[in-house]
Amino acid sequence: NAGVTQTPKFQVLKTGQSMTLQCAQDMNHNSMYWYRQDPGMGLRLIYYSASEGTTDKGEVPNGYNVSRLNKREFSLRLESAAPSQTSVYFCASSERFDQPQHFGDGTRLSIL
Amino acid sequence: EDQVTQSPEALRLQEGESSSLNCSYTVSGLRGLFWYRQDPGKGPEFLFTLYSAGEEKEKERLKATLTKKESFLHITAPKPEDSATYLCAVQGGSSNTGKLIFGQGTTLQVKP
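First to last, the sequence lines map onto chains A and B. Counting with my numbering, you get residues 2 to 113 for the letters of the first sequence. Counting with my numbering, you get residues 1437 to 1548 for the letters of the second sequence.
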């Protein structure tokens, strides 16, 4: 009963490097989301995908791109990592946009 | 602008000592208010959704209530395993994206 699976769990990058965070859900949910969580800032939406084939910007999209690969998978890409992107990244999914979101356990990303 | 404020930031209770956590919100047309529990190193775990003022939901020692301006999470006779950070989030009526606005959370510690 996996739910939402995120890989990797931890990653350290150097400034300017690129990487892709992976997310997969096995609940047949239509909507998927990427958040970042920073101390004192709470969870903030980066990008979301209301349904397969669509993506749109959230509150803090700068420096990120996303791909909704299929109904199960939604990836987040950092093209040129910056120290300000050091954070914990959470992927979530929901059956529809107005239903509760279910979260993965996060990717802890440090950029030096 | 949609906003969520949680209080207190931190709460220490003795086992069996009941208390309440507060979530105050401003949103243009509440579509839903969500409570989550987050354990260290884990993603938020969904607890409750409340949709309209006067609504209440219960789960074990937890009871969530909703008014037009705030929500309370009442914890009755807490146990050490209730220790966690509790997050409140709202979805506004203008959002057909699933976008949630999160508060910064209340960290609860229950001592035996």
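Note that the Cβ used here is the ideal one computed from N, Cα and C, for glycine as well.
Three-way DSSP call (helix, strand, coil) for residue i in this model
i                       : result
residue 85 of chain A   : helix
residue 1517 of chain B : helix
residue 1448 of chain B : strand
residue 1467 of chain B : strand
residue 1547 of chain B : strand
residue 97 of chain A   : coil
residue 1453 of chain B : coil
Whole-angstrom distance between residue j and residue i, CA atom to CA atom
i                       : j                       : result
residue 1506 of chain B : residue 1492 of chain B : 13 angstroms
residue 1549 of chain B : residue 1516 of chain B : There is no way to answer for residue 1549 of chain B, as the model of chain B reaches only from 1437 to 1548.
residue 1448 of chain B : residue 80 of chain A   : 42 angstroms
residue 1512 of chain B : residue 92 of chain A   : 31 angstroms
residue 106 of chain A  : residue 1481 of chain B : 10 angstroms
residue 1494 of chain B : residue 57 of chain A   : 35 angstroms
residue 1489 of chain B : residue 25 of chain A   : 35 angstroms
residue 8 of chain A    : residue 1534 of chain B : 23 angstroms
residue 40 of chain A   : residue 1484 of chain B : 24 angstroms
residue 20 of chain A   : residue 62 of chain A   : 16 angstroms
residue 1437 of chain B : residue 1537 of chain B : 10 angstroms
residue 16 of chain A   : residue 37 of chain A   : 18 angstroms
Residues near residue i in its chain [Cβ-Cβ closer than 7 angstroms; skip 5 each side]
i                       : result
residue 1441 of chain B : 1460 and 1539
residue 1529 of chain B : 1464, 1465, 1466 and 1467
residue 1518 of chain B : 1497, 1511, 1544 and 1546
residue 1444 of chain B : 1542
Partners in chain B for residue i, counting only beta-carbon separations shorter than 8 angstroms
i                     : result
residue 46 of chain A : 1535 and 1536
Residue i: contacting residues in chain A (beta-carbon distance under 7 angstroms)
i                       : result
residue 1478 of chain B : 106
Chain A residues whose Cβ lies nearer than 8 angstroms to that of residue i
i                       : result
residue 1545 of chain B : None at all; the shortest Cβ gap to chain A is about 18 angstroms.
residue 1527 of chain B : 99
residue 1497 of chain B : Under the 8 angstroms cutoff, chain A gives no residues; its nearest Cβ is about 20 angstroms from residue 1497 of chain B.
Contacting residues, own chain, Cβ-Cβ under 6 angstroms from residue i (five flanking each side not counted)
i                       : result
residue 1462 of chain B : 1439
residue 32 of chain A   : 51, 95 and 98
residue 1457 of chain B : 1509, 1522 and 1542
residue 75 of chain A   : 24, 33, 50 and 69
residue 113 of chain A  : 15
residue 11 of chain A   : 109
Closer than 9 angstroms at the beta carbon, the chain B residues around residue i
i                     : result
residue 41 of chain A : 1540
residue 54 of chain A : Per Cβ cutoff of 9 angstroms: no residues; residue 54 of chain A is ~15 angstroms from chain B at best.
residue 57 of chain A : 1533
Where residue i meets chain A, residues with beta-carbon distance less than 9 angstroms
i                       : result
residue 1485 of chain B : 100 and 101
residue 1490 of chain B : In chain order: nothing, as chain A lies at least about 20 angstroms away.
residue 1482 of chain B : 101, 102, 103 and 104
Same chain, Cβ closer than 8 angstroms to residue i, five either side skipped, listed in chain order
i                     : result
residue 54 of chain A : 69
Partner residues on chain B for residue i, Cβ-Cβ distance less than 7 angstroms
i                     : result
residue 95 of chain A : 1534
Pick out the complete beta strand (DSSP E) segments inside the segment 25–70 of chain A, 3 residues or longer, and give them in chain order. 32–39, 43–50 and 65–69
Could you tell me which uninterrupted beta strand (DSSP E) segments, each at least 3 residues in length, are contained entirely in the segment 1475–1505 of chain B, listed from first to last along the chain? 1481–1486, 1492–1495 and 1498–1502
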